[in-house]
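Asker:
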Amino acid sequence: MARRTDEQIFLDELTYMAGDPPERVSSRALKATLDWAEDRYDRTRRRLIDGGVIKGVVGGAGGSLELLGGAKDLAGEPEKAPKVKPVTAFISYSHVDAKLKADLITHLTPLKRLGIISTWNDQEIKAGDEWEREIATKLAKADLVLLLISADFIASEFCYTKELTTALDRHKAKKAMVIPVILRPCLWTDLPFGALQALPPEVKPVTGWDNQDEALMAVAKGVREAVQALKR
0 MARRTDEQIF LDELTYMAGD PPERVSSRAL KATLDWAEDR YDRTRRRLID
50 GGVIKGVVGG AGGSLELLGG AKDLAGEPEK APKVKPVTAF ISYSHVDAKL
100 KADLITHLTP LKRLGIISTW NDQEIKAGDE WEREIATKLA KADLVLLLIS
150 ADFIASEFCY TKELTTALDR HKAKKAMVIP VILRPCLWTD LPFGALQALP
200 PEVKPVTGWD NQDEALMAVA KGVREAVQAL KR
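Just so we're aligned, residue 0 is where the sequence shown starts under numbering that gives the first Met the number 0, counting upward by one.
1. Please report the Cβ distance between L107 and V222, rounded to the nearest whole angstrom; I am assuming they are in contact, meaning their Cβ atoms lie under 8 Å.
2. Can you give me the Cβ contacts of R169 inside the same chain, cut-off strictly under 6 Å, excluding the 5 residues immediately before and after it?
3. Which runs of the alpha helix (DSSP H), 4 residues or longer, sit entirely within the stretch 109-145?
4. Note down the Cα distance separating D5 from L167, rounded to an integer number of angstroms.
5. Can you give, in chain order, each stretch of the beta strand (DSSP E) that sits fully within the stretch 14-72 and has at least 3 residues?
6. Taking the C-alpha atoms as reference points, what is the distance between R46 and L198?
7. Can the beta-carbon of D96 be found closer than 8 Å to that of D41?
8. May I have the straight-line CA-CA distance separating L229 from K140, to the nearest angstrom?
9. Is T164 helix, strand or coil by DSSP?
10. Where W35 and Q7 are concerned, what is the direct C-alpha to C-alpha distance, given to the nearest angstrom?
11. Might you give, ordered along the chain, the residues of its own chain that have their beta carbon closer than 8 Å to the beta carbon of S155, omitting 5 neighbours on each side?
12. Just to confirm before moving on: does the CB-CB distance between L138 and T160 stay below 8 Å?
13. Using the Cβ count rule (16 or more neighbours within 10 Å means buried), how would you classify A80?
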């Protein structure tokens, strides 16, 4: 197999971050994700701009990038990707953490646009539905369960005794994958889900990062890797 060029690597990550339909991507965010030396990043970016594959947009910290015609061919993507059923992700959380939950869903949007996952949480329950039965049904069908961990999640009787118990039972039976996402500092490592690999990287709570967008992007990337593992 031929070695991927810097241009292909650059475009693969830019295409993922842009979503579908593609949106502009912060140049600074892409640079942080690639983790390249400054000259390698700038040299590759300039070649793609000069080749009419991407467009550099002035504005904001470091500007942003926009995909143009020809990007798909250079990235080596097929014209028609095979349709694959998205992994269903159930989000279990305390309503105290509703804002952080909403921010995470926003960062998962590229995965949803690409058809990699679909997400569900209890705010999607319609008026007149039996909420407890609806939650149980969605949880029983989920391929992936994201536990949004905080002191309030642990203190919630419903989250801890109902959703968590069911999720861990399905995880043990290999019917679903459970990933704890540590939102806020709390004592959690000795609890039943403490042995599971958690996100963000190094299990640093989302609120402990200087930039919470970077923390949530790291969670989204971890979810993408988990989904890829599920499909192997």
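For each residue, glycine too, the CB sits at the ideal point set by N, CA and C.
These figures come from a predicted structure and were not determined experimentally.
Answerer: Checking against the coordinates, here is how it stands:
1. What you label residue 107 is simply residue 108 of the sequence shown in a count that begins at 1. What you label residue 222 is simply residue 223 of the sequence shown in a count that begins at 1. Contact holds; Cβ gap of about 7 Å.
2. For the purposes of this step, residue 169 is identified with residue 170 of the sequence shown, where counting begins at 1. Excluding residues within five positions, the ones whose Cβ falls inside 6 Å are A175.
3. Taking only runs of at least 4 residues, the alpha helix (DSSP H) segments lying wholly in the stretch 109-145 are 130-140.
4. Locating residue 5 in the sequence shown gives position 6, where the first residue counts as 1. Locating residue 167 in the sequence shown gives position 168, where the first residue counts as 1. D5 and L167: Cα-Cα distance of roughly 41 Å.
5. Taking only runs of at least 3 residues, the beta strand (DSSP E) segments lying wholly in the stretch 14-72 are 53-56 and 63-66.
6. The residue labelled residue 46 in the question sits at position 47 within the sequence shown. The residue labelled residue 198 in the question sits at position 199 within the sequence shown. So the two alpha carbons sit approximately 35 Å from each other.
7. If you number the sequence shown from 1, residue 96 lands on position 97. If you number the sequence shown from 1, residue 41 lands on position 42. Going by C-beta atoms, D96 is not nearer than 8 Å to D41.
8. Residue 229 sits at position 230 when you count from the first residue of the sequence shown. Residue 140 sits at position 141 when you count from the first residue of the sequence shown. Going by the C-alpha atoms only, they are around 15 Å apart.
9. Looking up residue 164 in the sequence shown gives position 165. Note: T164 maps to helix in three-state DSSP.
10. Reading the sequence shown from its first residue, position 36 is the one you call residue 35. Reading the sequence shown from its first residue, position 8 is the one you call residue 7. The alpha-carbon atoms of W35 and Q7 are separated by roughly 14 Å.
11. For this step, residue 155 is matched to residue 156 along the sequence shown. So the qualifying residues of the chain are S93.
12. Counted from its first residue, the sequence shown places residue 138 at position 139. Counted from its first residue, the sequence shown places residue 160 at position 161. Not in contact: L138 and T160 (Cβ atoms no closer than 8 Å).
13. Reading the sequence shown from its first residue, position 81 is the one you call residue 80. Its pLDDT being 42, under 50, A80 is placed unreliably in this model, and the coordinates cannot settle the point.
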